[in-house]
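K.L.:
Okay, handing you the structure first.
There are 4 protein chains.
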Amino acid sequence: MRNENCTELKTLTAETTINVRFGETDAMGVVWHGNYLKYFEDAREAFGLVHNMAYLDFYNAGYFTPIVKSEVDYKSPIHYGEKARIIARLLYSPAAKIIFEYEIFNLNTNRISATGKTIQIFLNAASRELEINKPDFYKAWEKSAGLL
Amino acid sequence: MRNENCTELKTLTAETTINVRFGETDAMGVVWHGNYLKYFEDAREAFGLVHNMAYLDFYNAGYFTPIVKSEVDYKSPIHYGEKARIIARLLYSPAAKIIFEYEIFNLNTNRISATGKTIQIFLNAASRELEINKPDFYKAWEKSAGLL
Amino acid sequence: MRNENCTELKTLTAETTINVRFGETDAMGVVWHGNYLKYFEDAREAFGLVHNMAYLDFYNAGYFTPIVKSEVDYKSPIHYGEKARIIARLLYSPAAKIIFEYEIFNLNTNRISATGKTIQIFLNAASRELEINKPDFYKAWEKSAGLL
Amino acid sequence: MRNENCTELKTLTAETTINVRFGETDAMGVVWHGNYLKYFEDAREAFGLVHNMAYLDFYNAGYFTPIVKSEVDYKSPIHYGEKARIIARLLYSPAAKIIFEYEIFNLNTNRISATGKTIQIFLNAASRELEINKPDFYKAWEKSAGLL
């Protein structure tokens, strides 16, 4: 329920659980740091399915949404054989940007493994030009999803 | 030099040298087995540049050449910090196939690390249909390269 | 049920379902061929969990089981957004080898995407020496699993 | 030449050039964003070789140096078949941290493709405990490299 006097914007979340693949570890015996961006991608996928705004929905509407910024803070390692929960939280942005924050939680150690953030922009799939304004289909979705 | 009485078909080779990336190793401390297919790809790239038949040449002629078969025999590991030479050898095929054999040589241990093979086919890039016959541009290249 | 007069050896299977990650596709818009070895790995993981012989069980018994041979036959592509089922079937081997056959089934197209095979050997984790004979713990497991 | 009156700290740089692998692209036809962290790793490798402080030097001194933070700002895409130069710049840090800044330059388009940053810490390889202070071998190297 939204409080009319509350100025905080709503966020939407989704989560997914992954098993660490052997090929995702490195010679230190833990998940290679670059693979956390794959886990973030997994959580965005889960988000798209749950909230009806998947990558293919963007694509079918004529847009690519490439990542223009990524940040990861690594807190504790994930080993082979461990499971992790990845949570993605969409933040409302007035600009034509898609901003996600992430949390990776090691389910075996009960510790936060990493936090992070990505920013995506809207690119016209045909012209590959940047969209300065949010596309209408996306604004309609933000409203229906209660993000506005 | 080709012997006119020799029935053996000519092969073409190319090679490249790679440094093992830390992110390519796994928790056993050696290159993860799936990454050998990346090294094969590196050698095909080198082949394309040396012999003027790169992936983009296929693409510009209207073809994709997806891999339909891969085989790798792993002989000895490659560790982080080691260098390896990857050799690709194109075998002549009368069919509309591109057949490469590979050898990966660990330059630090002086041992063969792996051998392998890939088979590619010709796909019409527009229709994504299989080409039963070798495209003319490729037959012309085979001739000019002395492969026939 | 095993027929006492039947000379065919039993096989054990396990399966898992994967969602194709965007980062697993390539510029042809389909899963990059090298990633199929990751999917095979996913199926081996599932096998290990279902049949109580996971990678960590080998490790805790003092063995690594590196892959010495891999084969993949690519039949039809998997696109981003599609789901695939990967089935791993363990074949009985009298030698000190672990032989798996695989089938990848595209759940969106209802077509077989790939078949494949891997062979693993037993390596003493401490000495990194090849084990000529099957370790006792593995023979015991084969018996209890009904593979013999 | 160092100006005695100058309070700016010296930085050390190294660079490497990479060819984009086909398997590093994604279905948008450009390098998948997670692979930029591999390119950063390539530049750190080059740095280690040029400045005699490679990953194995840390390891042989008894330390792992895991990444605790990564940031990437993506400016323009890199396509298959393009070459890129990756520059790593080590910043002096008074704390027990290794801070690199990166620039990826697309040699085909003459545009900056990305900038980024990583922070590494010192971990005792045996105990996996965090080192609060810079190890002596590293301080000696900083001095000899003129970073102090």
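Protein chains in written order, with the numbering used here: chain A, 372 to 519; chain B, 372 to 519; chain C, 372 to 519; chain D, 372 to 519. Cβ coordinates follow ideal geometry from the N, Cα and C atoms, glycine included. As the structure is a prediction and not an experimental result, all values here were calculated from the model.
1) Among D:Glu-502, D:Phe-493, D:Ser-515, D:Lys-510, which has the Cα closest to the Cα of Ile-438 of chain D?
2) Sort D:Lys-409, D:Gln-491, D:Arg-415 by Cα distance to Val-396 of chain D and report the nearest one.
3) Quick one: what does DSSP say Asp-507 of chain C is sitting in, helix, strand or coil?
4) When you compare each of C:Gly-405, C:Asn-479, C:Ala-466 to Lys-510 of chain C by their alpha carbons, which one comes out closest?
5) Once DSSP output is grouped into helix, strand and coil, what is the label at Val-421 of chain D?
6) So, does the segment 453 to 461 of chain B touch the segment 386 to 404 of chain B, judging by three or more C-beta pairs under 8 Å?
7) On the three-state DSSP scale, how would you describe Gly-487 of chain B?
8) Have a look at B:Lys-446, B:Ser-441, B:Gln-491 and flag the residue whose alpha-carbon is nearest the alpha-carbon of Tyr-426 of chain B.
9) In three-state terms, what does DSSP make of Leu-408 of chain C?
10) Please report the residue range of the beta strand (DSSP E) in which Phe-476 of chain A lies.
11) Using beta carbons (cut-off 9 Å, strictly below), is Glu-375 of chain B in contact with chain C?
12) Check Asp-397 of chain D in the structure and name its three-state DSSP category.
13) What residues in the segment 423 to 443 of chain B have a beta carbon less than 8 Å from any beta carbon of chain C?
14) What residues from the segment 493 to 506 of chain C come within 8 Å of chain A, judged by C-beta to C-beta, listed N to C?
15) Nearest chain C C-beta to Leu-478 of chain A closer than 9 Å, yes or no?
16) Roughly how many angstroms lie between the CA atoms of Glu-375 of chain D and Ser-484 of chain B, to the nearest whole one?
17) Classify Glu-500 of chain A as buried or exposed, calling it buried when 16 or more other Cβ atoms lie within 10 Å of its own Cβ.
18) Going by the CB atoms, is the gap between Arg-482 of chain B and Glu-472 of chain B shorter than 9 Å?
19) For a cutoff of 9 Å on Cβ pairs, would you count Tyr-451 of chain C as touching chain D?
20) Expressed to the nearest angstrom, what Euclidean distance is found between the alpha-carbon atoms of Ile-470 of chain C and Thr-384 of chain C?
21) So Tyr-430 of chain B and His-404 of chain B are in contact, right, with Cβ under 8 Å, and what is the actual spacing, rounded?
22) In chain order, what residues of the same chain have a beta carbon less than 7 Å from the beta carbon of Asn-477 of chain D, not counting five sequence neighbours either side?
23) In this structure, how does DSSP classify Arg-392 of chain B when only helix, strand and coil are distinguished?
24) Is any beta-carbon of chain D found at less than 9 Å from that of Gly-487 of chain B?
25) Lys-409 of chain A versus chain D: which residues are under 8 Å apart at the beta carbon?
26) Candidates C:Ile-503, C:Ser-464, C:Lys-468: which alpha carbon is nearest Thr-382 of chain C's?
27) Got a sec? Which residues, its chain only, sit under 7 Å from Arg-414 of chain A by beta carbon, not counting five neighbours each side?
28) With the cut-off set at 9 Å, would you say Ala-398 of chain D and Val-401 of chain C are in Cβ contact?
29) If I follow the unbroken alpha helix (DSSP H) through Leu-462 of chain C, where does it start and stop?
30) Give the range of the alpha helix (DSSP H) segment to which Tyr-430 of chain C is assigned.
31) For the beta strand (DSSP E) that contains Lys-440 of chain C, what are its first and last residues?
32) Note down, in chain order, each residue of its chain lying with its Cβ closer than 6 Å to the Cβ of Ala-417 of chain D, except the 5 sequence neighbours on either side.
33) Given Ile-503 of chain B, which residues of its chain have a CB within under 8 Å of its CB, disregarding the five upstream and five downstream residues?
34) Return helix, strand or coil for Ala-414 of chain C, following the three-state DSSP convention.
35) Which of helix, strand or coil does DSSP assign to Glu-522 of chain A?
P.N.:
On the basis of the supplied data:
1) D:Phe-493
2) According to the sequence as given, residue 396 of chain D is Thr; it is not Val. Per the Cα distances, D:Lys-409.
3) helix
4) C:Ala-466
5) Under the three-state reduction of DSSP, Val-421 of chain D is assigned to helix.
6) yes
7) Gly-487 of chain B sits in a strand when the DSSP states are folded into three classes.
8) It is B:Gln-491 whose Cα lies nearest to the Cα of Tyr-426 of chain B.
9) helix
10) 468 to 477
11) The predicted model places Glu-375 of chain B with a pLDDT of 48, which falls under 50 and marks its position as unreliable; any figure quoted below should be read in that light. So, not an interface residue.
12) Secondary structure of Asp-397 of chain D (DSSP, three-state): coil.
13) Taking 8 Å as the upper bound on Cβ-Cβ separation, chain C lies near residues Phe-435, Pro-437, Ile-438, Val-439, Lys-440, Ser-441, Glu-442, Val-443 of the segment 423 to 443 of chain B.
14) none
15) no
16) Residue placement at Glu-375 of chain D is flagged as unreliable, the pLDDT there being 48, under the threshold of 50; a coordinate-derived value is accordingly withheld.
17) exposed
18) Not closer than 9 Å, so no.
19) yes
20) 12 Å
21) With 8 Å as the limit, Tyr-430 of chain B and His-404 of chain B do not qualify as a contact, their Cβ atoms being about 29 Å apart.
22) So the qualifying residues of the chain are Ser-447, Ile-449, Glu-453, Ala-455, Ser-484.
23) Shown here, Arg-392 of chain B sits in coil according to DSSP, grouped into three states, outside any helix or strand.
24) Not an interface residue.
25) Gly-405
26) C:Ser-464
27) Going by the sequence as given, residue 414 of chain A is Ala instead of Arg. So the qualifying residues of the chain are Ala-385, Glu-386, Thr-387, Ile-457, Ile-458, Ala-459, Tyr-473.
28) yes
29) Careful: Leu-462 of chain C lies outside any alpha helix (DSSP H), inside the beta strand (DSSP E) at 454 to 462.
30) 426 to 431
31) Judged by DSSP secondary structure, Lys-440 of chain C falls within the beta strand (DSSP E) whose first and last residues are 438 to 445.
32) Ala-385, Thr-387
33) Result list for Ile-503 of chain B: Ala-467, in chain order.
34) helix
35) One cannot answer for residue 522 of chain A here, as it falls past the ends of chain A, which runs 372 to 519.
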